[in-house]
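Chemist: Quick one: structure below, then a few questions.
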DNA sequence: TAATCGTGGGA
DNA sequence: TTCCCAAGATT
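In my numbering, the protein residues as written are 1 to 355.
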């Protein structure tokens, strides 16, 4: 029997017997499928579901989304991370409206031209919304296939990506590509877990090479290691009658498009004296330091931030740079800020309440 | 191509 | 505490 045959049959039976009822599985609307897939990129379902519900409610169609202001979309995305997804979401929505007559492309090649839609997302939309025979390969698929077939090729290598993509394509059920894809992912997410998989519940256990050879904990293989950079952030917290001065982050650094207080980055953590000196060098004489908060440690995928929030008062004659914006307490709630800043704002608010 | 882009939860 | 990693894409 071909591997597609037993794999597909066992998997389909298992999936049909019962699976989680997720909101985006109740539709075949390509807009909603796309929306859910982008939100779920590198994101746990538990974290992404609430965001999906809010986006689907606020922007019922791709036209609503395409017409939305950038800052509004980024604000709704606040806290979900990987903010380029939000920016690309808008670019793609506007492309669908302006260049595709309001309809999503119905092929993987067409979908692939949309910003933020890569191989995985294109295959997911094409198979689920349009019934196209395209196999998805996500983290779940890597894990299931590596274990079931005992494949030790690193999944983060070029050869590995090609090998798993080819295998996934051979296994795909061309009659039910959408359900097949979701079934593999569902199996990986609920049974073939990274640690302590529930092999007793697995429909593929009898054929599983990793289980037979006791290599479950060793598969899949990942070669890459993450190098983490440490950075020291000194934020200038300038109180404006209960509000705060913020600026928008630009450039190719983290948190592009999000707001934060004016930032003084240093090579090493700064004490009061060191901060005063650096501040004088940057913005001149006459600044007063009235307090500080932190240090706060904030971990990103490739960086560890050590942040201090310095409460300062500028000299009388100080003319702020044009990109600095004085935001009232109400306005603060309307702009997107990183979690690190959001936590500081919460701390600051509770302090004001006490004072 | 390898490095980079957030955040949160679980072991 | 620390490590892993999650319905990946981009440059």
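Ideal placement from N, C-alpha and C gives every residue a C-beta, glycine not left out.
Taking the alpha carbon of residue 170 as the point to measure from, which residue in 348, 188, 3 and 338 has its own alpha carbon closest?
Modeler: On the first chain, residue 170 is found 170 positions in, with the first residue counted as 1. Closest by alpha carbon: 3.
Chemist: Per DSSP, what are the beta-bridge partners of residue 292 in this structure?
Modeler: Residue 292 sits at position 292 when you count from the first residue of the first chain. According to DSSP, which records beta bridges pairwise, residue 292 is partnered with 310.
Chemist: Please list the terminal residues of the continuous beta strand (DSSP E) segment that includes residue 265.
Modeler: Your numbering for residue 265 matches position 265 in the first chain. Its beta strand (DSSP E) spans residues 263-266.
Chemist: For the beta strand (DSSP E) holding residue 132, just list the boundary residues, first then last.
Modeler: Mapped onto the first chain, residue 132 falls at position 132. Residue 132 -> no beta strand (DSSP E), and no H or E assigned at all.
Chemist: Looking only at C-alpha atoms, which of 15, 64, 30 and 88 sits nearest to residue 176?
Modeler: Working through the first chain from its first residue, we reach residue 176 at position 176. Comparing Cα positions, the closest option is 15.
Chemist: How many angstroms separate the CA atom of residue 212 from the CA atom of residue 178?
Modeler: Residue numbering aside, residue 212 sits at position 212 when the first chain is read from its first letter. Residue numbering aside, residue 178 sits at position 178 when the first chain is read from its first letter. Using only the alpha carbons, I get a separation of about 30 Å.
Chemist: Using the Cα positions of residue 276 and residue 246, report the straight-line distance between them to the nearest angstrom.
Modeler: Residue 276 sits at position 276 when you count from the first residue of the first chain. Residue 246 sits at position 246 when you count from the first residue of the first chain. So the alpha carbons of these two residues sit roughly 20 Å apart.
Chemist: Excluding five sequence neighbours on each side, which residues of the same chain lie with their C-beta closer than 8 Å to the C-beta of residue 165?
Modeler: Locating residue 165 in the first chain gives position 165, where the first residue counts as 1. 119, 135 and 137.
Chemist: Could you give the distance in angstroms between the alpha-carbon of residue 255 and the alpha-carbon of residue 214?
Modeler: For the purposes of this step, residue 255 is taken as residue 255 along the first chain, with counting starting at 1. For the purposes of this step, residue 214 is taken as residue 214 along the first chain, with counting starting at 1. Going from the Cα of residue 255 to the Cα of residue 214 covers about 43 Å.
Chemist: Residues in its own chain within less than 6 Å of residue 221 by CB, not counting five upstream and five downstream?
Modeler: As a working mapping, residue 221 is identified with position 221 in the first chain. So the qualifying residues of the chain are 152 and 154.
Chemist: Could you name the residues of the same chain whose beta carbon sits closer than 8 Å to that of residue 133, not counting the 5 residues immediately before and after it, in chain order?
Modeler: Along the first chain, one-based indexing puts residue 133 at 133. So the qualifying residues of the chain are 127, 172, 174 and 177.
Chemist: Going by DSSP in three states, residue 161 sits in which element: helix, strand or coil?
Modeler: Residue mapping note: residue 161 aligns to position 161 of the first chain, counting from 1. Of the three classes helix, strand and coil, the one that applies to residue 161 here is helix, per DSSP.
Chemist: Got a sec, what are the start and stop residues for the beta strand (DSSP E) residue 248 sits in?
Modeler: Residue mapping note: residue 248 aligns to position 248 of the first chain, counting from 1. Segment 243-248, the beta strand (DSSP E) holding residue 248.
Chemist: Rounded to a whole number of angstroms, what is the C-alpha to C-alpha distance between residue 322 and residue 236?
Modeler: One-based indexing of the first chain puts residue 322 at position 322. One-based indexing of the first chain puts residue 236 at position 236. Residue 322 and residue 236: Cα-Cα distance of roughly 16 Å.
Chemist: Would you identify the three-state DSSP class for residue 82, choosing helix, strand or coil?
Modeler: Here residue 82 corresponds to residue number 82 of the first chain, with the count starting at 1. Residue 82 falls in the coil class under three-state DSSP.
Chemist: Quick check: the Cα distance between residue 207 and residue 184, rounded to an integer number of angstroms?
Modeler: Start at 1 with the first residue of the first chain, and residue 207 comes out as number 207. Start at 1 with the first residue of the first chain, and residue 184 comes out as number 184. Their backbone Cα atoms lie some 15 Å apart in a straight line.
Chemist: Examine the Cβ distances between the stretch 72-80 and the stretch 334-347 and report whether three or more of them are shorter than 8 Å.
Modeler: As far as the Cβ criterion goes, the stretch 72-80 touches the stretch 334-347, which means the pair count is three or higher.
Chemist: Looking only at C-alpha atoms, which of 307, 157 and 285 sits nearest to residue 231?
Modeler: Within the first chain, the letter at position 231 stands for residue 231. The shortest Cα separation from residue 231 among 307, 157 and 285 belongs to 307.
Chemist: Taking the alpha carbon of residue 5 as the reference point, which residue from 163, 25, 180 and 150 has its own alpha carbon closest?
Modeler: Counted from its first residue, the first chain places residue 5 at position 5. Closest by alpha carbon: 180.
Chemist: Thinking C-beta only, is residue 193 closer than 8 Å to residue 234?
Modeler: In the first chain, residue 234 corresponds to position 234, counting from 1. In the first chain, residue 193 corresponds to position 193, counting from 1. No, they are not a contact pair.
Chemist: Taking C-alpha atoms, which residue in 29, 65, 304 and 191 lies nearest to residue 11?
Modeler: Position 11 of the first chain, counting from 1, holds the residue named residue 11. It is 191 whose Cα lies nearest to the Cα of residue 11.
Chemist: Under 8 Å between the Cβ atoms of residue 115 and residue 92?
Modeler: To locate residue 115, count along the first chain from 1; it is residue 115. To locate residue 92, count along the first chain from 1; it is residue 92. Yes, the pair counts as a contact, with Cβ atoms nearer than the cut-off.
Chemist: Taking the beta carbon of residue 147 as the centre, do at least 16 other beta carbons fall within 10 Å, making it buried, or is it exposed?
Modeler: Against the first chain, residue 147 aligns to sequence position 147. When all chains shown are included, residue 147 counts as buried.
Chemist: Thinking residue 203 and residue 13 are a contact (beta carbons under 8 Å), I'd like their distance in whole angstroms, please.
Modeler: For the purposes of this step, residue 203 is identified with residue 203 of the first chain, where counting begins at 1. For the purposes of this step, residue 13 is identified with residue 13 of the first chain, where counting begins at 1. Right, the Cβ-Cβ distance comes to about 7 Å (below 8 Å), so this counts as a contact.
Chemist: In whole angstroms, what separates the C-alpha of residue 327 from that of residue 41?
Modeler: Within the first chain, the letter at position 327 stands for residue 327. Within the first chain, the letter at position 41 stands for residue 41. About 32 Å.
Chemist: Could you spell out the range, first to last residue, of the alpha helix (DSSP H) harbouring residue 211?
Modeler: Mapped onto the first chain, residue 211 falls at position 211. Here the alpha helix (DSSP H) through residue 211 covers 209-212.
Chemist: Within 10 angstroms of its Cβ, does residue 141 collect 16 or more other Cβ (buried), or is it exposed?
Modeler: For this step, residue 141 is matched to residue 141 along the first chain. So residue 141 ends up on the buried side.
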